[in-house]
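1 is the number of the first residue of the sequence shown in UniProt numbering; add one for each residue after it.
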Amino acid sequence: MAITDTYEREQRFHYEICDLEYQELTSEELDPDITQKNDFPLRPIPEDDDHPFLLLAQWAPKGHALVMVQDYNIFYRKTPTSHTGYRVTHTAVPGVVSHGVPDWLYEEEILGTNSAIWMSRDGMLMVFASFNDSLVEELRFPWYGSIKDGRLYPDIRSLRYPKPGTRNPQVVLTVADLADTSNIKMKPVIPPNVIARNDHYFTAVSWISSTEISVVWLNRPQNLSVITICSSPKWDCRETQRITGDGHGWVDMSDSPVFGTDSSNYITIAPVRDGPAGTFRHAVAVNIPKRRFIPLTHGRYEVTRILTWDHSNDVIYYLGIPEGKPGQLHLYRVASVPPRTGASLPPPVCITCVKEPAPTQPPFIALDENIYRVKTNSWDEDDEDIVLTTPPTRKRRKKQKVVEKEPPCLYHNVVFSPNSAYYVLECLGPGIPTSILYKTGMPKSKILMWLQNNTELKERVEEMAMPQIRTFPVQISGGYLRDTQHFIDKRRVAVWGWSYGGFVAALALASPKNVFHCAIAVSPVTNWKLYDSAYTERFMGLPNVTDNYKGYEEADVSKKAHLLKDKMFYLIHGSADDNVHLQQSMALVKALSEAGTLFRQQIYPDESHNLGGVKRHLYESMGNFLEDCFRKQVPPEFKAGLRNYVD
1 MAITDTYERE QRFHYEICDL EYQELTSEEL DPDITQKNDF PLRPIPEDDD
51 HPFLLLAQWA PKGHALVMVQ DYNIFYRKTP TSHTGYRVTH TAVPGVVSHG
101 VPDWLYEEEI LGTNSAIWMS RDGMLMVFAS FNDSLVEELR FPWYGSIKDG
151 RLYPDIRSLR YPKPGTRNPQ VVLTVADLAD TSNIKMKPVI PPNVIARNDH
201 YFTAVSWISS TEISVVWLNR PQNLSVITIC SSPKWDCRET QRITGDGHGW
251 VDMSDSPVFG TDSSNYITIA PVRDGPAGTF RHAVAVNIPK RRFIPLTHGR
301 YEVTRILTWD HSNDVIYYLG IPEGKPGQLH LYRVASVPPR TGASLPPPVC
351 ITCVKEPAPT QPPFIALDEN IYRVKTNSWD EDDEDIVLTT PPTRKRRKKQ
401 KVVEKEPPCL YHNVVFSPNS AYYVLECLGP GIPTSILYKT GMPKSKILMW
451 LQNNTELKER VEEMAMPQIR TFPVQISGGY LRDTQHFIDK RRVAVWGWSY
501 GGFVAALALA SPKNVFHCAI AVSPVTNWKL YDSAYTERFM GLPNVTDNYK
551 GYEEADVSKK AHLLKDKMFY LIHGSADDNV HLQQSMALVK ALSEAGTLFR
601 QQIYPDESHN LGGVKRHLYE SMGNFLEDCF RKQVPPEFKA GLRNYVD
């Protein structure tokens, strides 16, 4: 259970929310008036004596109003101390129809949040989404609980979970006028015809002004995205931009555009072609009246998120992936004013990139009698040697200590203040995570405060004798890494993965190339017909004969169960996994049994997809499996070590 403090802007009040099972919030939390130090329970209806579970609680952008969701209906209170609460919706059916909070599919795959409410800047209007899952099939799974609690039979829990080619949830966006709480008026948002006539999703909502909202729509095949502006009083949406897959695949789910000082122009992310290299996602300036779409960035790299538009300096800040470095994410700045016709684009400025000298030679292994080190020119030439592993046990003449510089931060997240004057730069790795507050400036921002530097954690990690991990851009299927790196014993190579990674791990072990000798699949997808519709259809289409039936069949791990014979395979799953259902592993278990393939299996009762309650046991069991596998690959009478074998 996690507790979060949330403050409204004037900081007279704050509420504390407790994250319980299935992300329910309980209104046992207290709502103190900070100036008076008064505590009182948070309830949608003040006169109710009970403390109901809350699915959502959030402040209005202005004033002290609160919006809450209880039993999947929306409630509104003008202040936490007001004596009256107002019910905005009345038609919720728990588990079937919900208002203001997304169903499983939208929370997991589309919105990525448990809120489906968007308030106007003045707090007088509210857009909310309603999700009707009455036509969506149910997934049922047992919840075993504890016999100590007197539970003799498991409960049966259910979840509305759409799979490829089945019925999706029906979704409606509604605008509610909260100016007159005694008579809250509501009107539906009307999608454009190109979207409305078929199954579709909405992917983003934002307020432009008190009379306009922006909604991004996506058709169900996910090869057409439409950015729209929806205006009062009818709240019908007019198309401003259309993004298609050009017949070559899907389009990415778009965030809301970042608008200028009015609704006539905005900046968004759209695919931009770079000759034969293909298309890359870039920042694009859109002038709606002139219907002009001008890229602000271009090249063989990708823009992942527009963070803010600094109008005073005519620049935008965005997060992007450098060319050829998909494992990195950096903060960039680029001019927001499109260049004149015929002029070249100004290059973006990378604010967080690390200067990396061009390598003059490939990494090589230097054998020392006590340690193995990899020498490389990456980052700094004066970096200390990196410890990779220790050799077979032998007498040491002298204890050696290798000191290493802290690695540069390569993956970031950034949060800007509403006026773009400040931002928090979060370093997410490698190394210890940190958070720094900056004052936005040109040409360089100024550090104001280290919000989180994890000094104690850094010191503890530095004291630990841990092997370092380096990555190599290699073709695993060809065995390149196994065959070319001196420090790898080709008789003892394993692969493991989680979810989609578990799917890949199982396929890799089944490969006839025999690169891997053992594999661990944690909560794996084994048959894409059993996964959710939005994710699977994006890449695979529909599992029918007129679309991609063959692709689904070829990606069925169960059909390769016979190829796992005489190989060591470990299958792990939680029984209460609502993301990749236990059904996935059970389908593979059945096929393995029918093929006479021996394997190891671990089922964790009442554990969800991330196996959060059994992490220690999980990793200890994985380590035990790998030790067992490697021991069998190299019998005791043979000495394990580098290149200690005969080809």
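C-beta atoms are modelled at their ideal positions from N, C-alpha and C, and glycine is treated no differently.
Item: Following the continuous alpha helix (DSSP H) through MET124, name the residue where it begins and the one where it ends.; Value: Unbroken run through MET124: none, as it is neither H nor E.
Item: Which residues bound the beta strand (DSSP E) around residue 655?; Value: The question about residue 655 has no answer here: the residues shown for the chain are numbered 1 through 647.
Item: Nearest to residue 649 by alpha carbon, out of ARG87, GLU406 and TRP143?; Value: Outside the shown range of the chain (1 to 647) lies residue 649, about which nothing can therefore be said.
Item: Would you mind working out which of GLU239, PHE516, PRO80 and GLY123 sits nearest LYS62, comparing C-alpha positions?; Value: GLY123
Item: Quick check on LEU618: does DSSP put it in helix, strand or coil?; Value: helix
Item: So PHE75 and VAL88 are in contact, right, with Cβ under 8 Å, and what is the actual spacing, rounded?; Value: 7 Å
Item: In chain order, what are the residue ranges of uninterrupted beta strand (DSSP E) at least 3 long that sit wholly in the segment 78-147?; Value: 97-99, 117-119, 125-132 and 138-143
Item: What is the rounded straight-line gap between the Cα of PRO443 and the Cα of ALA508?; Value: 48 Å
Item: PHE539 by DSSP, collapsed to three states: which one?; Value: helix
Item: Alpha carbon to alpha carbon, what distance is there between ALA595 and PHE516?; Value: 20 Å
Item: Does the Cβ of ILE520 have 16 or more other Cβ atoms within 10 Å, making it buried, or fewer, making it exposed?; Value: buried
Item: Tell me the start and end of each unbroken beta strand (DSSP E) in the segment 228-264 that is at least 3 residues and wholly inside, in chain order.; Value: 236-244
Item: How far does the beta strand (DSSP E) with VAL424 in it extend, from its first residue to its last?; Value: 422-429
Item: Chain B beta carbons: is any one of them nearer than 7 Å to that of SER533?; Value: The chain labelled as chain B is not found in the depicted structure, where only one protein chain is given.
Item: Using only the alpha-carbon positions, how far apart do VAL67 and SER209 sit?; Value: 20 Å
Item: Mapping DSSP to helix, strand and coil, what is CYS629?; Value: helix
Item: Name the DSSP bridge partner or partners of ASP310?; Value: VAL315
Item: Are the beta-carbon atoms of SER523 and SER499 separated by less than 7 Å?; Value: yes
Item: Let me make sure I understand the geometry here. Which of VAL334, THR308 and TYR411 has the alpha-carbon closest to that of PRO295?; Value: VAL334
Item: Cα separation between ASN183 and ARG167?; Value: 35 Å
Item: In the DSSP output, what is VAL515 paired with across the bridge?; Value: None; VAL515 has no bridge partner.
Item: When the Cα of THR203 is compared with those of GLU212, LYS325, THR261 and ARG220, which residue comes out closest?; Value: ARG220
Item: Can you tell me the Cβ-Cβ gap for PRO44 and GLY85, rounded? I've got them flagged as a contact below 8 Å.; Value: 5 Å
Item: Where does GLY320 sit, in a helix, a strand or coil, going by DSSP?; Value: strand
Item: Kindly list the residues whose CB is nearer than 8 Å to the CB of VAL493, restricted to its own chain and excluding five residues on each side of it in sequence; keep chain order.; Value: ARG482, VAL515, PHE516 and HIS517
Item: Out of TYR301, ASP566, GLN170 and LEU592, which has the shortest C-alpha to C-alpha gap to ASP556?; Value: LEU592
Item: Roughly how many angstroms separate the alpha carbons of HIS581 and TYR531, rounded to a whole number?; Value: 8 Å
Item: Return the first residue and the last residue of the beta strand (DSSP E) that LEU571 is part of.; Value: 568-574
Item: Mind reading off the beta-carbon distance from LEU319 to ARG305? Whole number of angstroms is fine, and I expect it under 8 Å.; Value: 5 Å
Item: Would a C-beta distance cut-off of 7 Å place PRO192 and PRO543 closer than the cut-off?; Value: no
Item: Within a Cβ cutoff of 6 Å, which residues of the same chain sit near ASP133, ignoring the five residues on either side of it in sequence?; Value: VAL96, ASP103, ARG160 and PRO169
Item: Quick one, which of HIS330, PHE293, MET540 and ASP262 has its alpha-carbon nearest HIS311's?; Value: ASP262
Item: Please identify the residue among ALA561, SER621 and GLY613 whose C-alpha is closest to the C-alpha of ILE572.; Value: SER621
Item: How many angstroms separate the CA atom of PRO347 from the CA atom of VAL251?; Value: 26 Å
Item: Can you name the residues that DSSP bridges to GLY497?; Value: ALA521
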